[in-house]
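Q: Protein chains in written order, with the numbering used here: chain R, 1 to 671; chain Y, 1001 to 1156.
(1) How close, in whole Å, do the beta carbons of residue 184(R) and residue 283(R) come, if the pair is a contact with beta carbons under 8 Å?
(2) Closer than 8 Å is the cut-off here; do at least three beta carbon pairs connect the region 1065-1079 of chain Y with the region 1088-1104 of chain Y?
(3) Does chain Y have any CB closer than 7 Å to the CB of residue 361(R)?
(4) When the Cα of residue 487(R) is compared with those of 499(R), 500(R), 471(R), 502(R), which residue comes out closest?
(5) Relative to chain R, which residues along the region 1068-1084 of chain Y have a C-beta separation below 8 Å, given in chain order?
(6) Do you know how far the Cα of residue 456(R) is from the Cα of residue 406(R)?
(7) Between 357(R), 173(R), 440(R), which lies nearest to residue 257(R) when the distance is taken from Cα to Cα?
(8) The alpha helix (DSSP H) that contains residue 1064(Y), what's its start and end?
(9) Using a Cβ cut-off of 7 Å (strictly closer), state whether residue 385(R) contacts chain Y.
(10) Using a Cβ cut-off of 7 Å, which residues of the region 342-367 of chain R contact any Cβ in chain Y, in chain order?
(11) Along the region 1024-1049 of chain Y, what residues have a CB closer than 8 Å to any CB found in chain R?
(12) Check the Cβ of residue 1136(Y) against every Cβ in chain R and list those closer than 8 Å, keeping chain order.
(13) By the 7 Å beta-carbon criterion, what residues does the region 398-412 of chain R contribute toward chain Y?
(14) Just checking: is the beta-carbon of residue 52(R) within a distance shorter than 7 Å of some beta-carbon in chain C?
(15) What residues in the region 516-539 of chain R have a beta carbon less than 9 Å from any beta carbon of chain Y?
(16) Reducing DSSP to helix, strand and coil, say where residue 302(R) ends up.
(17) Just the C-alpha distance for residue 1115(Y) and residue 1040(Y), rounded to the nearest angstrom, thanks.
(18) For the alpha helix (DSSP H) containing residue 378(R), name the first residue and the last one.
(19) Going by DSSP in three states, residue 81(R) sits in which element: helix, strand or coil?
(20) Please list, in chain order, all residues of the same chain as residue 1059(Y) whose beta carbon is under 8 Å from its beta carbon, the five residues on each side excluded.
(21) Which same chain residues, not among the five before or five after residue 499(R), have their C-beta less than 8 Å away from its C-beta?
(22) Between the C-alpha atoms of residue 233(R) and residue 618(R), what's the straight-line distance to the nearest angstrom?
(23) Report the option in 115(R), 51(R), 60(R), 122(R) whose CA atom is closest to the CA atom of residue 102(R).
(24) What is the DSSP secondary structure of residue 562(R), reduced to helix, strand or coil?
(25) Identify whether residue 392(R) lies in helix, strand or coil by the three-state DSSP scheme.
(26) Assign residue 88(R) to one of three DSSP states: helix, strand, or coil.
(27) Just the C-alpha distance for residue 546(R) and residue 575(R), rounded to the nearest angstrom, thanks.
(28) At what residues does the alpha helix (DSSP H) containing residue 1036(Y) begin and finish?
(29) Using beta-carbon positions only, say whether residue 335(R) and residue 293(R) come within less than 7 Å of one another.
(30) For residue 329(R), which residues from the same chain have a beta carbon less than 8 Å from its beta carbon, with the 5 sequence-adjacent residues on both sides left out?
(31) Pairs of beta-carbons, one from the region 383-400 of chain R and one from the region 1029-1036 of chain Y, closer than 8 Å: are there three or more?
(32) So, does the region 514-528 of chain R touch the region 601-617 of chain R, judging by three or more C-beta pairs under 8 Å?
(33) Would you list, in sequence order, the uninterrupted beta strand (DSSP E) runs of no fewer than 3 residues that lie entirely inside the region 457-526 of chain R?
(34) Under a CB-based cut-off of 7 Å, is residue 1096(Y) close to chain R?
(35) Please report the straight-line C-alpha distance between residue 117(R) and residue 207(R), rounded to a whole angstrom.
(36) For residue 380(R) and chain Y, any beta-carbon pair shorter than 7 Å?
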């Protein structure tokens, strides 16, 4: 009976989303205040009913209600409680419900944090988001109902959650990635609302910026979590595979990064307006593309859900209607939007334009490489795959170029910068970068290598550039400290994110070029040497987990005779499904990770193992965390709130006159 | 005469167009260099692939064909689409779900004697999921993928 309530709640949510998609938009078009005012209550209702759906489905998982098809397919009585809950998003139906719920959460947030914007604008945003959620819920009701029952006889026990998903990474990665992905719907809705109203101005850019920043921050974390999880769970010792389903988040992220920068130009200089709108649409299209690829099963990938072409067609239709509609609207409106063209050939605008062109080319080449096999198959019938070398060949030079511009951009001035000024500011920085790029790897790694030199030089270029800019920005203040205080959160956010890029760059380059690995067959007592480390296989034992049996090996790692770490990789067999699963063991540190990945146990008791030494691999995710935090700091910049405060006070004054004024303190401590 | 700001804009547009076309040309070149074709065991048996070409092969691991070396990580097995077989040699650790009767995809080259030297062997992380390549290979060879798909379960 309870799952039927969930079904009912989903239908109610559908009705609410239709209303949300129609009423505020109609209200904004006709000026009907009542219809406009429906936006916020309807979005709250949508959030509540989708929340009920999620809760009821979660309840079915927790109580082992195997009459519900998705529970029978993805859960099992033996499954530990935390994985019973998260098994909800272990399959297509449940994860799409989570996706839609995330959208309703963003809609609610837009309703709550948009008090400073004109009511018509907000209602257009809410309306577009309402239509989007209506299409998602319709998709669920039509092709992938999470509340479907197993009729007539439910199984006695479930088929179990895929063993690779029984992991902390699976608890965190999908919800956060979805939240970031879906955040781009908000930025998209802002762009469409602006196109609808014909008001593409600096105000629109200012309203969009915090949302673009927050969505970007969450997406960054979501991608980094996926990378970290794949690194230790999939047992291949890598952190990025250019997998067809890894790529769409990256495409979205690249568009999103371009968008953040383009929005800055639009807000400050009122140029690139058309371009910014287009980027908002593209970033959103990237997020839908990810959904399409995962759920249509058209491409081979570790992420793919069991395939069902009808779902793919439906998602393609959603993508076509929303992105196509937005592009059509764009084509109609764009010629009317006037951009002033007042900047010189050497100016911050130009450097940001270069940033945008590079990021968009990068995104486009990843897109091409990801979908090329599909096009190729459609045209020739032959099955092909595109190897990682393609992506590396394109991506690495583009990123090098991007980082060079990244160092110049923040120091250059709007409108016009003289070459002499740039040379005076950055000449020494450039020289120091080259010098340290050669020296640092030599000192730390006792090795000369061109890739490491380039990477370190570029990272130093970023970091010293930040330092130079901070000095320049605080030079005219009475004291440095006062100078630092006078800089905005937006500025610190930008420089912080750039610093994160430097950290990630070092991690990516050094891990890629200096990782070592060895696959070997080990008898108890055998030792394998790798780098300066010795890995000794000290023995193995059997043990029983909650829903699996395991063989656990003990591997003692030493360096020059000193103990470094004891590692315990496991080979598990899950009881319900009989699936084997390897659990690698890691000794993490800031400077290097030591990994042992078990392969199998031979009849004579020998283990096959791969051991790795991966220098600086943690810096990749550390860089991502720094970037995400910085973007969040930038989103809390005072100037986004100042406007809110002014409006709020005005409204409160108006409220006091009718006797309901209650001044709220402005949240946050920016002063 | 064009107005100066028009000329500047034209210059910018031309610059972007030039940059884009260079990027597209390089991208297409990189793509063409990195295409891995996929062949089924039947296509390989028919001699459609030359020795030394990098490609992917997919099919089921033939029952009873897996042979491991005692003292090293070398392993050999036979992949089949139930019409033709191709022998594969690999040195390294096989994925968790590599088993006889399970679908796999291998990347590598044919040697002069017609043995596929794999540099990478992939098996899916979900037993109920069959990669489109293996499915296509089986369908082309006239086998029914659905009936072989669940044979990976040890109970069967």
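For glycine and all other residues, C-beta sits at the position ideal for the given N, C-alpha and C.
A: Let me lay it out:
(1) 5 Å
(2) yes
(3) yes
(4) 471(R)
(5) 1068, 1070, 1071, 1072, 1073
(6) 15 Å
(7) 357(R)
(8) Element bounds for residue 1064(Y): n/a, residue is neither H nor E.
(9) yes
(10) 357, 361, 365
(11) 1026, 1027, 1030, 1031, 1033, 1034, 1035, 1036, 1037, 1038
(12) 383
(13) none
(14) The structure shown has no chain C; the protein chains it does contain are R and Y.
(15) 519, 520, 521
(16) Because residue 302(R) carries a pLDDT of 49, less than 50, the predicted location of this residue cannot be relied on, and no value is offered for it.
(17) 14 Å
(18) 348-380
(19) helix
(20) 1040, 1041, 1079, 1080, 1081, 1086, 1103, 1104, 1134, 1137, 1138
(21) 462, 463, 466, 626, 630
(22) 15 Å
(23) 51(R)
(24) strand
(25) helix
(26) helix
(27) 9 Å
(28) Looking at the DSSP string, residue 1036(Y) is not in any alpha helix (DSSP H); the run it does join, the beta strand (DSSP E), is 1035-1039.
(29) no
(30) 192, 195, 196
(31) yes
(32) yes
(33) 516-522
(34) yes
(35) 8 Å
(36) no
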